[in-house]
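Everything below concerns the one structure shown next.
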Amino acid sequence: MKLLLELLGCLVMAVGLGLGSAWWFIETGLGGGIRNGAWGTNPAIGGTDADPYTRAAVARAGLLALNKSETAYFTASVDDQGDALSTACTYRLDGRPLATRWWSITAYGADHYLIPNPAKQYSQAMNSVTTQADGGFRITVGPNAAGKDAIETGYSGAGDGDVFSLTLRLYNPASLVYENLASVSLPRITKEGCQ
Numbered sequence: 303m304k305l306l307l308e309l310l311g312c313l314v315m316a317v318g319l320g321l322g323s324a325w326w327f328i329e330t331g332l333g334g335g336i337r338n339g340a341w342g343t344n345p346a347i348g349g350t351d352a353d354p355y356t357r358a359a360v361a362r363a364g365l366l367a368l369n370k371s372e373t374a375y376f377t378a379s380v381d382d383q384g385d386a387l388s389t390a391c392t393y394r395l396d397g398r399p400l401a402t403r404w405w406s407i408t409a410y411g412a413d414h415y416l417i418p419n420p421a422k423q424y425s426q427a428m429n430s431v432t433t434q435a436d437g438g439f440r441i442t443v444g445p446n447a448a449g450k451d452a453i454e455t456g457y458s459g460a461g462d463g464d465v466f467s468l469t470l471r472l473y474n475p476a477s478l479v480y481e482n483l484a485s486v487s488l489p490r491i492t493k494e495g496c497q
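Each residue of the sequence shown is one higher than the one before, starting from 303 at the first, in the working numbering.
Okay, structure coming up:
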């Protein structure tokens, strides 16, 4: 009987560790792998060489990833200082021209869905932001973000806000993007303040 209880205990522990590690890999799979400032990417997303954890992370997030030869995905859940992104805070994204045919940045809640907001503005893209004289762009993300170059986070004014993430999609990126995922120039994410 003692041997049976020990075996049962080992089985329960093995299942718990297996499920726990699978959950952790799936939750961190999209932004894991390669870091570039606040942004992270997994070069296997959209590839035939993606492991089961990466495929599960893509399915869990509802990313509907295109083939990696068509799109590179970067995810940020923290700002440039390493603080978690919060719907109660305002962020400034400053970017330079990106080596891609087209790009977009979209805000997602912790549930991986678009963040409901009165402006119904969930993302910005290469053709929707104001291009500055130097070719760069600036996007404001926050609870009171409004206007052409903004994404509102839908903060209700109660509590500390909810965590969220930003997904940067580079469609038909230049080969130098794939060759330099950790160092290609990506938008900086600066926290300007919190409510």
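Yeah, the Cβ is synthetic: ideal placement off N, Cα and C, and Gly gets one too.
> Out of S406, L483 and I407, which has the shortest C-alpha to C-alpha gap to G335?
Replying inline: Its Cα nearest to that of G335, the residue L483 stands out among S406, L483 and I407.
> For Y415, which three-state DSSP category applies?
Replying inline: Annotated three-state conformation of Y415 is coil, per DSSP.
> Cβ atoms of D396 and P489: under 8 Å apart, would you say?
Replying inline: Taking 8 Å as the Cβ cut-off, P489 and D396 qualify as a contacting pair.
>> Tell me the rounded alpha-carbon separation between P345 and F376.
In response: If I take the Cα positions, the gap works out to 9 Å.
> Okay, do the stretch 414 to 422 and the stretch 379 to 388 touch, 3+ Cβ pairs below 8 Å being the bar?
Replying inline: These segments do not touch.
> Just how far apart, CA to CA, sit F327 and R403?
Replying inline: Bear in mind that a pLDDT of 44 at F327, under 50, signals an unreliable position, so the model cannot answer this.
> Residue range of the beta strand (DSSP E) that Y457 falls in?
Replying inline: From DSSP, Y457 is part of no beta strand (DSSP E); its letter is neither H nor E.
>> Taking the straight line between their C-alpha atoms, what separation do you get for E329 and D385?
In response: Confidence in E329 is poor, its pLDDT being 49 and thus under 50, which makes the residue's placement too unreliable to answer from.
>> Mapping the DSSP letters down to three states, classify L387 as helix, strand or coil.
In response: L387: coil per DSSP, three-state reduction.
> With 16 other CB atoms within 10 Å as the buried threshold, where does V479 fall?
Replying inline: Residue environment for V479: buried (at least 16 other C-beta atoms within 10 angstroms of its C-beta).
> Going by other Cβ atoms of all chains shown within 10 Å of its Cβ, with 16 needed for buried, is A324 buried or exposed?
Replying inline: In this prediction, A324 scores a pLDDT of 42, lower than 50, which makes its location untrustworthy; no coordinate-derived value is stated.
> What do you get for Q426, buried or exposed, if any count of 16 or more other CB atoms within 10 angstroms of its CB means buried?
Replying inline: Answer is buried; the Cβ neighbour count reaches 16.
>> Looking only at its chain, what residues have a beta carbon closer than 7 Å to the beta carbon of A390, apart from the 5 residues adjacent to it on each side?
In response: Result list for A390: P445, Y457, D462, G463, C496 and Q497, in chain order.
>> Can you give me the C-alpha to C-alpha distance between F439 and E494, rounded to a whole angstrom?
In response: Counting only the Cα atoms, E494 lies some 17 Å from F439.
> Helix, strand or coil: how does DSSP classify V479 here?
Replying inline: Secondary structure of V479 (DSSP, three-state): helix.
>> Relative to the C-alpha of T442, which candidate in Y393, L468 and T408 has its C-alpha closest?
In response: Closest by C-alpha distance to T442, out of Y393, L468 and T408, is Y393.
> According to the neighbour-count rule (16 or more other Cβ atoms, all chains shown, within 10 Å of its Cβ), is V431 buried or exposed?
Replying inline: Buried is the call here.
>> On a Cα-Cα basis, can you pick out the residue from A460, N338 and L305 that is closest to I491?
In response: Comparing Cα positions, the closest option is N338.
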